[in-house]
Structures are given as structure tokens and as C-alpha cells.
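Chemist: One structure, as C-alpha cells, below. Some questions next.
Residue numbers (the UniProt record's numbering), protein chains in the order written: chain A, 1 to 342; chain B, 1 to 342; chain C, 1 to 342; chain D, 1 to 342.
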């Protein structure tokens, strides 16, 4: 059975990644592409790498006939996303890739994003989109809120360890390197090739990154008590990829065992043999997440490193995985493409 | 119908690319992977990005039971390739990715590669693997010789123009930039990140690059007279991609028209509207080739620029396209994945 | 004797490069830094890499007391530059890095840049700043117009060959790769790391690049007849560096000899032994230009490749070299720093 | 007064960096360059970026007439270095850039490097080369052992904090990203551009990196009790630069104050205003080290980030700074060049 798909926000990187993935999906058909600032342009003009696809030109989202759409991906900036989604017909399933519906408590949203939430009612029906941990809810959902890419990576490391009670909840440090596509297609000086290539730096220091809102919400719910991790992202001179390095208190073998068990049946999460750690090179362009564990010379300390592609498993791949569940398709459909290395 | 596939030389980049592509092929099944220097290792050890695949460990090529193999890709260095292929059973179809069977005349081979050809009889049955121009021969072939990656790019520009008689055969200049994966996984100082990144240089200057052997052979046959182009490759600080810029004498509109006509029905060759030129960014990781044409302020001069991914359309993607033909499959099977941008 | 220096347009890359070079100049002292859009900021805010220098905060150019300034570098965008420079006191020597005073004929300026020249009188006193060929004029000049970075590179290849009569003036092709800093610190989508890294493309195809105005002017004057070259620039995924590849008709040995002779006493131009060609890696961050010559299998064809750093020898290094001459200093002062490799 | 300098190990990256820096040093003159594997070659053959320098060809170290040498830099691999240095005349001052004389206790050396120390007597006279903290000893030394580049970066963060008693000695985590030139000019698969660019990974996980030997020695001596930090390096896709991120327990303001005080008079160490953190882009090619401090939402936790260029401040720049002291020159001579950005 073929499902009719719309993408709103098709001119950004997560929009392009959705189109790339759906291009080889066996049962999804893109019926509408919206990008209000570039309405009227062809996809080849906006993304020449997709010129071989026979797809409709870009329109405004208001021009879409949603009566013909089964599921709509919404890849807009936060704040805009909630405004648009609250106006869409309730008959359409939605996977939102923005930050707007990730935080259950509107007060949390306002705290981290600075503006009051403008679609509180819609928020109530949103399901948090970390597929491996919300699979059943996602299957039944109308609106799924895709996670932050950093938030996904950190949770792949930490959820099984918190659930399994194998680490000290008060001593969690997450150090992360993120590729530049995570910042989107935005015109900022620090994202220019001349400024970014050939070096690295920390940003959002002092545990001020917005994805901490997700960590707080999810880890506290999981632990049944407040959990606040320390988190520092770095911007790396590469386009795709997140490498998260967790400094944890707990027995490294127990940590490894908890991860192996948690992900034993997961198609996309690969836990490496103990002592091996992953590289973002080896997940690039794919929906896989590689996780490795090592010990330390001081007992009781574990190092966990996770690698994924922020645009795929961290965003658009996750979104497609969720859409597959929401539409009753095979969860891995369109997502088994191997990483592109070198 | 499922076809059983072997890959010899599976530990190099073209080997890895073959595996990546075949991973989502609907009817090819990899039965054996050989890499004599790494025999006994798992694929995950040699290429961690392929660890999710359920594939056999590496063996030596002599250990393969060829009675179970329908088609064998051979991704060995030149010289080694001819030695191995001449020992394989004649019942196995072969797509060779080396330079060993590209030149029909063994004297040409010796001239460009320095050693006498050691499999002259086998050479006689080889078909040159530029799919779009040897499709029928490839369908019927037992042994197909994959083209050089630079040679493929140049021919996509020049063949229709030579056939169409729209350019001056004595005034062809081809300037080319090639990504570093074209040099393979070899340990050379100039391929180190520290030496190669953040700059560029010409190499094989003075029209001494070995792929000129292919250009000479093909263009002269096509023209029915000797054709010698001038060709300068450059090494660029990127992993995948070839951008070829052709400086030609002829009417630009006629040049564009000849290319549009030649590739009108080709699934992988996209000719851009007149005046637009392509970028390697937009074909990365895919089997597509984009070609653009512009004029010059001086009449009678045409600029043609072609972009493809050297590992895909320039090598392993071409090989798979040919294998599809040789085994009676849909020519595009496993090859429609969209470029990976950004 | 210490010279007082001002820099207008200090917040762009050529401004930063001027400051970097002058930082170790024995007799230049920066007295004022202007950048109207960032007036009031410290240099450390605009360019953190220069935070160790004890320099004045940024001001508007109108705030500079020019009675205390011996020489002013003007690193503004074209069009703005002519407006500002025509208002500066005539007692101040000026090195302009923009395109505004490079073309002697205002009609040429309007043809290539689209707007009428607004400072025609000032234009009349401008000297073209290609140091090695206008040394005496520069020494005596009040206003020197820095050359285009691509224009400089091409001229280093071609001027001695045109003067020497060793090449065919109607068959000159210049293919060029330029690093991204050549485009300045401007917020454009195609200059983002995510769009530019890991690939390359041609631009300004069809011999439409503005630096052709300089080539036409200079080569025609030199030859005493109109000369129009064919010129295609490419944008490469590196920050600094231009590699120009010239396809020429002439005897390669005579071409090499002409270059060796022309540059025998030049401190910054290095002609390599015949058959060797340069790399941009090996001039990065320096004021050197490396030039190499090779032949072709077809006699009468020469390949000449030149490499320089667009920000240094192609722009700010050239500007400082000219300022040294204008102020009676050693021409190489502040400019002998070795390239930064790797 | 001019000092005569020799460099042994001139064909590696730290050797090249020494030559680059000394090229503009006012009173150092290079008299001999040794590289046994490349003896007989010119410097231009080994490092084309240094071709403008009028320097002697490479020789074997045994060919150097040390009676004419005031100071010898030794940039050999560890193990080789101790063998060579123990054979040099005692009249020559030596700055060693290898790991061979960094660890005072030969048992520590054997533990971390795997082989017994073969020059125990020579070890006894070695002074540890972290300039800012061993300045007086270095001035008087005959043999100075350059520090590890990661070890230098970590110590710039931690020494003032340990001395000042402002952090918990048992809770020190150092997360580090290092550019690829830190691995030297060695032919390893993971250092190829195709393997390294466009991604990142951890290495030497589990606090097994050899530079921990230096951290243990120095921090324990400073604290007067054993100190063992947790340390994870990552390999980043850039050539130059180390970014170290320290996760510390202590009051962030007190941490910042301790660093500001410690480095107030240091010419090369710049402590940023509280809350700002540095970038490796802004120290590239220079001898500067930028350090920044931030707090965390949880009180009592401090984040300290330091950036330096591993080849300059982390290795050859440090070596030159020490040589200046040993020869009675201005400590900053030849070292004030500004970072090369972009």
C-alpha cells in the first residue's frame, strides 16, 4: 500500500535528507513539498543533488491539499513549527522535526526556548520520538515530536544505564562533538567554511544547550527523581556526525552488559565489543548508531562513546523510522542503506 | 532470481563501495569476500562501517568455491588482477575494476603500465565497461573491464561530441580534479590528511596519466582517425568526486544539443540546462553524472563540465550496472540511491 | 623610522591578514582600525586570533584623524571603496585592496562591475599594484590599486610569456582553483562549510569573471594588440590558495626559460625546475608564488602551473609589499614568514 | 650574537616547524639539518614549502660537525632519540622533542613506552620543558625535554588549579581533541585523508595514552600526593590544534581567578574573560595558548577549555622558546607571529 507524504520545510537539510531517504522507500510517495521562502522553485534549484527525482515543485504549506496526504513531515524551525502544525487538519499524521513538541511541560519549553508555547493543546497529544524507547506510543500517535540530535545520541548511551541502575545518577558528564549540518542551512559567520574548517571549539558552555531540556525530562522520568547531567557540545569541522563521549561512574563491564542487553534486538543500534569505540566516519549517511564502552585505570569509571549521523539517525532517519511505525510499515523500510565511507 | 556474488579485493575502497551498493540490491547475494592480505578478518574489522551486514569473513581468493558463484567482481590492483583472473574458472562471469583489461592492444597496455600483459588470451574476450556506450556487448560478455574513473568522466563529455562531429578533434583539453579515494587505500605520504587537506596540486603533468591510454583507444576508434587529447588531473582535498572541465572548439549550443540528445534516455546521466554547470557535491555517493555546458565570449569555444563520484559511477557503481546487464537484471537495480548531501 | 598606518575595512579577511602581517613588521605601527559596521568593538571580538595584539578598538573611518596617518590600507568592498577614498585627504598615501581602481578606463569599470565609476579623477592617479611589474610607478604613487587575486596569479604566469613572445596570444586558456577566503567573509549559502567542503565546482563560467577586465587591460597593453584569454575559475574546499593551470601554445623549454629569466631576482617568485609543478599547500600563509612548467606529448604545447596564497601574495601581502615601496622601506619587510605547512 | 643551530630529525613535521620558526629568528642560524633516511636530499625535496630558504642539504646526524654547533634540536622518534642524544658531545646544548627524557623515573618510562631506558645517565640531567613552570631550570640546562603536546595543553589548564588548591584532585577529567599532525608524518591507514576527514573518533581510551605518564609525574609532584586524572583524546579532522576540555570540581570563579593570576605576565598564555571559551582556529600556526572558563548550572563545577597549536606551542614553538632561554636570548624571539586565520 502506498502512502501519500508531504514535507513542510523542504528547503533545509533535514528536509533534503527526508527526500533522499524516501527516494528509495518502497511504499512512500511524496505528493507535496513546501518551503514558503522558496515556493515556486523546483527541487533541482534548491537541492541540485535531488534533480534526478520526479517530484513536485515547492509550494507554500497553505497550498497543500491535505485531504490527499496520509502523513506530513514538518521540518520547520522551532516556534514556526507549532504555529503551522496547530493549523493542520487533525486527520493528517505528523512527524515534527523541530523542538516544539519535545518538552511535555510548556513551562519547560518556555524556559529553554524563550517564548511561551503557542499550541499547548496540540502539545498534549505529542509523543516523544525516540523510537527504540517509545515504539508502542509512536505506533498509535497522530503527532510525533522528533528528538534533538544531540539528545538522541546522549539518550542512546544513558537510558539503559539509568534504567539498569548501573551508574551514579549524580555524576554524569557528556562531552559531544557535532558536525556542522546540525546547525542547519543558516547564514551565520561561524558556519562559513573559512571559519569552521580546520579547527574546533566548544559552544553553549556551562550546560546551557537547549537539548538539556530533553535530557532533564527523560532522565528524570526514567529515574523517578531529578537527574541533571553536565553537557558540553563542540562544533567539529565535518558535515555529518555526532560523537558523544560519556564519563560515567559505574562498573564498565556492567555498563557494557546493560547496553548489549538493551539493544540486542535493535536493527540500528550496534554495541561494539568491550574496549572498542566507534567513529562517526563509519555511520555517515546511515541510520545506524554505534556504541562502545571502555574502562579506566581507576575502577568504577566507565567511558561510553556513541556515534551517529545527526541528519539521519539524529533527525530525518529517526523521523522516517517513526513514520513507518505510524503507517504500519516495516520499521526499517527505506533505512537500511549502508554508511557512505570513505 | 537471486544471483551469487563474490568480491575479490574486498579490503580496498572500490571493494567496500561494491558491498555498500549490493547491501540494498534486491537480487544479489554476496557469498564470498576475498582479500588475501587480510584473510581471516571479519568485514567489521576491515570496514567498521559495514558491521551491520551479515556477511562472510574475508578469505583468500583461492579459498572461494567458484562453482557456487554466478559473478565475481575483481577489485585488485592492476597486474595482480590479470594474474588472478586468468586462473578463475571460465564459467564465472567477471567484472574487473582494475586497469588490466581496458586496453585492447597488449602493446598499449605495456606502454602505459610498464609490464608486459600476462593474460593476452583473456584480454581478447574483455568488453570495455562504459555502460552507456557498450550496453549490448556488456550484456553478452563474460568479462567486462571497468573503465578508469577519470576515463569515464572524460568520455561522458567527449564521446557524443566526437560522434556528432561538433568539435575540433585536434583541440581538446581536459582539466580534471579528482578526490583522494581515487588513489585507493594506499599508504603514501601525499595522501595523508596533513599533506592533502587544505590545498591542491596538479599531477601526472604533461599528458602522462595512464588513463590517456583509454582516451586514445576510444576516441580514435570513434573518430576513425588518431585523436590525442591534452589532459591534466589535479588532486583535490575531498574524498569522493571528479570534476572534469573540457575546453573545446565548437559551437556551444551544438555541443549542448549533442549531449542532450545522447543522454536523453539514460537513467544516470543528467544534462543540465545550457549555462548551468555541476558540482561534485551533488553527485557524492551516487551513480549519477551531471554534465553542464557554457559558451565563451569568443565564439566557437565551448566549456563542458562533468561531475561524478569516482567510487560509484566512476568505478563500483559502473561495475554493478554492468553486472546487472550481464545477469539479466534491471540495469538500475541497487543504484538509484540519491546523493548524500550535505 | 616608524610609519603610522590605518586600515579601513579591518573586519574582513584581507583586513585581518594585513594586521597579521604588520604585527611583525619592524617599522609599521597601526594607529587606527576602521570597520563601520563593527565600530566600537575590540579587535579581539571581531578576530579572536589577534587578541594578543595591543591595538586600538574599531572605529568608523570618519573618526580617524588622518593628519597622523602616513599610509592607509583600504580593504572595503568595491563601490564603497571609491566613495570613501575620494573623501580621504590627499596627503595620505593609500593602498586600495578593492577592485575600484584597477581598471584605467572608467568604461571598462562600468562594463565589468555594473555601476558608473564615481571617482574618475582619483582613478587617474592610481597605479596598478602588481609589484614585480610596476615597481617604479608604485614607489612614486600616492594611490596604488591592489590587483585581483586571480588576476595576480594569471599574470605571474603570462606576463613574461607575452613580453617574451614565446606563446600564441590567441590560444591562452587559464583554468583556476581558488580557496574560499577569496570570496570574503560574506554570508552566502554556497560558502557554508556544509555546502562547500568535500567537493568542487566551476563558477563564472563562459569567461564572465570580473578579473578578466584586468587580464584584458594588462595583456593587451603588454602585447600592443587586443588579447582575450579564456578563463574558468573553480571553487575548492580549502580556505587559502589559488592554483592556476595555464594551457599554452609555445615551446615548453622556451616558456620555462622566459619565466626563469623574468623572476631570477624576485624575492617572492620561485620558478621550479622544469617538469615540477607546485602545490598550494606549500605557499599557504606566505607571500611566495611557486611556478612550474611542463610539456605535453604533443610538441608546441606548454603547461604552466602557479600557486600562491590569495590572502597574502594575492591581496594583503601584495598590499604590504607595495606599501613598503611607497614608504621607502625594504620591500620584503614583514613578508618573509615561511609558509605554514602542514 | 648569532647562535649556530642543528636540527636532527628535520624531515618530520616538528622539524619542519622548527625551520619555519627559525627562518625569521633574529639571531639563530641553521648550520646543519639531519634526517638519516633522507640524507643527500635538499630541503626543497623534503619540504617544498621551505624552498625559499638558503639552507644546507640534509645529512646524517653522524655527519654533523658538532664543534660548530651551539644548540641542537632533536626531533626524532622516541627510543631513537635517546640512542642518538647519548652519543652527542656534552658541549652541545640540546632540546629534545621526543618522549625520551620527559619522565624522570626510568621505570615510568619503561611502563609507558615499553622498552627499558637506554640512557639513564643522560636522563638525570634533563629538565622538563614546560617553559612557564620550569623557566629557571631551563635557562641553566644543557638538555631540555620537550613535553608531549597533549601534556602541555592539560598542564596549562591544571597546574595553577592544583597549586592554588581550587579543585578536587580526585575528580579531574580531561577530554581532548587533537589535530592529525600530532601523529607525525607516519604512513598509517587511519591518517589518510580518506579515512580521517569528515569525522572523528576517540583513541587510547581507558586512560591509556602515554602522555598520562607526564600528567602523573607533574601533578603528583605539584600536589605532594598521587594524582591520577581521567583522560580521553579524540582525533579530529584538522591538521593543527589541540582543544582540551577539563571537567573539574571547584568554584568556577576561583578557577578563573587562579588562571588569570598565574598567567598575568606570560607572553603566550591568554586567559579569556569569564564565560568565553577558545577555538583552535584562533591559535593556528602560532605559539599562543588561549584558555577559557565557564561554570555549570550545578554549583561547584567548572569547565576549562584550552586551545593551542600542537606543532607550535605544543612542540616546536615550545622548543624554540626553551632554546631562547638556554642561549640567553629574548624568550619570545622568533615566536611572536600571529595565528594564521582563516
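Even for Gly, the Cβ is constructed at its ideal location relative to N, Cα and C.
Taking 8 Å as the threshold (C-beta atoms), are residue 76/D and residue 9/D in contact?
Modeler: As a working mapping, residue 9/D is identified with position 9 in the fourth chain. As a working mapping, residue 76/D is identified with position 76 in the fourth chain. Yes.
Chemist: Should residue 291/B be flagged as near chain C, meaning a C-beta pair shorter than 8 Å?
Modeler: Residue numbering aside, residue 291/B sits at position 291 when the second chain is read from its first letter. Not an interface residue.
Chemist: Just list the beta strand (DSSP E) runs in the UniProt domain "Semialdehyde dehydrogenase NAD-binding" (4-141) of chain B, keeping only unbroken ones of 3 residues or longer that don't cross its boundaries, in chain order.
Modeler: Listed in chain order, they are 28-34, 71-74, 93-96, 126-128.
Chemist: At the 8 Å Cβ level, is residue 51/B part of the contact set with chain D, yes or no?
Modeler: Taking the first residue of the second chain as 1, we reach residue 51/B at position 51. No, no contact with chain D.
Chemist: Under DSSP, the alpha helix (DSSP H) around residue 160/A begins and ends at which residues?
Modeler: As a working note, residue 160/A is residue 160 in the first chain. Residues 149-163.
Chemist: Name the chain B residues whose beta carbon is nearer than 8 Å to that of residue 180/D?
Modeler: Translated into positions along the fourth chain, residue 180/D becomes position 180. Those are 192, 193, 194, listed as they occur along chain B.
Chemist: Return the first residue and the last residue of the alpha helix (DSSP H) that residue 175/C is part of.
Modeler: As a working mapping, residue 175/C is identified with position 175 in the third chain. That residue, residue 175/C, is in no alpha helix (DSSP H); its beta strand (DSSP E) goes 173-178.
Chemist: For residue 245/D, write down the residues that DSSP places opposite it in a beta bridge.
Modeler: Locating residue 245/D in the fourth chain gives position 245, where the first residue counts as 1. For residue 245/D, which the question treats as bridged, DSSP gives the partners 175/D, 305/D.
Chemist: At a CB-CB cut-off below 8 Å, which residues of chain D make contact with residue 279/C?
Modeler: Working through the third chain from its first residue, we reach residue 279/C at position 279. Residues of chain D passing the Cβ test: 48.
Chemist: When the distance is taken between beta carbons, is residue 341/D closer than 8 Å to residue 282/D?
Modeler: Translated into the one-based positions of the fourth chain, residue 282/D becomes position 282. Translated into the one-based positions of the fourth chain, residue 341/D becomes position 341. Yes. Within cutoff.
Chemist: What three-state label does DSSP hand residue 254/D in the structure shown?
Modeler: Numbered from 1 along the fourth chain, position 254 holds the residue referred to as residue 254/D. Helix.
Chemist: So residue 7/A packs on residue 30/A, CB below 8 Å; how close in whole Å?
Modeler: The sequence position of residue 7/A within the first chain is 7, counting from 1. The sequence position of residue 30/A within the first chain is 30, counting from 1. About 7 Å separates the two Cβ atoms, so the contact holds.
Chemist: Starting from residue 319/C and walking both ways along the alpha helix (DSSP H), at which residues does that stretch end?
Modeler: What you label residue 319/C is simply residue 319 of the third chain in a count that begins at 1. That run of the alpha helix (DSSP H) goes 317-326.
Chemist: For the beta strand (DSSP E) holding residue 145/C, just list the boundary residues, first then last.
Modeler: Position 145 of the third chain holds residue 145/C. 143-145 is the extent of the beta strand (DSSP E) around residue 145/C.
Chemist: What did DSSP end up calling residue 239/B once you bin it into helix, strand or coil?
Modeler: Sequence index remark: in the second chain, residue 239/B carries index 239 (1-based). Coil at residue 239/B, not helix or strand.
Chemist: In whole angstroms, what separates the C-alpha of residue 95/B from that of residue 122/B?
Modeler: In the second chain, the residue the question calls residue 95/B occupies position 95. In the second chain, the residue the question calls residue 122/B occupies position 122. Rounded to the nearest angstrom, the two C-alpha atoms are 13 Å apart.
Chemist: Residues in its own chain within less than 8 Å of residue 345/A by CB, not counting five upstream and five downstream?
Modeler: A question about residue 345/A goes unanswered here, because the residues of chain A that appear run from 1 up to 342.
Chemist: Does the segment 204-218 of chain B come within contact of the segment 222-233 of chain C, defined as at least 3 CB pairs closer than 8 Å?
Modeler: Because the criterion of three Cβ pairs below 8 Å is not met, the segment 204-218 of chain B and the segment 222-233 of chain C do not touch.
Chemist: Beta-carbon within less than 6 Å of residue 144/D's beta-carbon, same chain only, minus the 5 sequence neighbours each way: which residues are those?
Modeler: As a first step, residue 144/D must be located in the fourth chain, where it is residue number 144. For residue 144/D, where only same-chain residues beyond five positions count, the Cβ hits under 6 Å are 95, 127, 129, 138, 322.
Chemist: Rounded to a whole number of angstroms, what is the C-alpha to C-alpha distance between residue 197/A and residue 327/B?
Modeler: Sequence index remark: in the first chain, residue 197/A carries index 197 (1-based). Sequence index remark: in the second chain, residue 327/B carries index 327 (1-based). Roughly 45 Å between the two C-alpha positions.
Chemist: Measure the alpha-carbon distance for residue 184/D versus residue 184/B and round it to whole angstroms.
Modeler: As a working note, residue 184/D is residue 184 in the fourth chain. As a working note, residue 184/B is residue 184 in the second chain. Cα to Cα, the separation comes out at about 21 Å.
Chemist: For residue 260/B, which of helix, strand or coil comes out of DSSP?
Modeler: Here residue 260/B is taken as the residue at index 260 of the second chain, counted from 1. In the structure shown, residue 260/B sits in a helix (DSSP, three-state: H, G or I).
Chemist: I want to verify the contact list: residues of chain C whose CB lies under 8 Å from the CB of residue 245/B, in sequence order.
Modeler: Position 245 of the second chain, counted from the start, is the residue given in the question as residue 245/B. The answer, in chain order, is 175, 202, 232, 234.
Chemist: Could you give the residue range of the beta strand (DSSP E) that holds residue 270/A?
Modeler: Mapped onto the first chain, residue 270/A falls at position 270. Its beta strand (DSSP E) spans residues 269-271.
Chemist: Does any CB atom of chain A fall closer than 8 Å to the CB of residue 121/B?
Modeler: Along the second chain, read from residue 1 onward, the residue named residue 121/B stands at position 121. Residue 121/B does not count as touching chain A.
Chemist: From the DSSP output, read off the bridge partner residues of residue 230/C.
Modeler: Taking the first residue of the third chain as 1, we reach residue 230/C at position 230. BP columns for residue 230/C point to 173/C.
Chemist: Would you kindly check if the distance between the Cβ of residue 202/C and the Cβ of residue 84/B is under 8 Å?
Modeler: Residue 84/B sits at position 84 when you count from the first residue of the second chain. Residue 202/C sits at position 202 when you count from the first residue of the third chain. No; because the gap between Cβ atoms is not below 8 Å, this pair is not in contact.
Chemist: From the DSSP output, in three-state form, read off residue 190/D for me.
Modeler: Here residue 190/D corresponds to residue number 190 of the fourth chain, with the count starting at 1. Reduced to three states, the DSSP call for residue 190/D is helix.
Chemist: If you reduce the DSSP assignment to three classes, tell me which class residue 294/B lands in.
Modeler: Here residue 294/B refers to the residue found at position 294 when the second chain is read from its first residue. The answer is strand: DSSP assigns residue 294/B an E or B state.
Chemist: Whole angstroms is fine: what's the gap from residue 80/A's alpha carbon to residue 72/A's?
Modeler: The residue given as residue 80/A occupies position 80 in the first chain. The residue given as residue 72/A occupies position 72 in the first chain. So the two alpha carbons sit approximately 15 Å from each other.
Chemist: Are the C-beta atoms of residue 283/A and some chain B residue less than 8 Å apart?
Modeler: For the purposes of this step, residue 283/A is identified with residue 283 of the first chain, where counting begins at 1. It does: the Cβ of residue 283/A has a partner Cβ on chain B nearer than 8 Å.
Chemist: Can you look up residue 338/B in the DSSP assignment and give me helix, strand or coil?
Modeler: Along the second chain, read from residue 1 onward, the residue named residue 338/B stands at position 338. Residue 338/B falls in the coil class under three-state DSSP.
Chemist: Judging by CA-CA distance, which residue of 14/D, 288/D, 106/D is the nearest neighbour of residue 52/C?
Modeler: Taking the third chain and counting its residues from 1, one reaches residue 52/C at position 52. Residue 288/D is the option with its Cα nearest to residue 52/C.
Chemist: Indicate whether residue 117/A and residue 99/A have their beta-carbon atoms separated by less than 8 Å.
Modeler: As a working note, residue 117/A is residue 117 in the first chain. As a working note, residue 99/A is residue 99 in the first chain. No; because the gap between Cβ atoms is not below 8 Å, this pair is not in contact.
Chemist: Look at the alpha carbon of residue 113/C and the alpha carbon of residue 97/C, and state the distance between them as a whole number of angstroms.
Modeler: Walking along the third chain from the start, residue 113/C turns up at place 113. Walking along the third chain from the start, residue 97/C turns up at place 97. One C-alpha to the other measures close to 15 Å.
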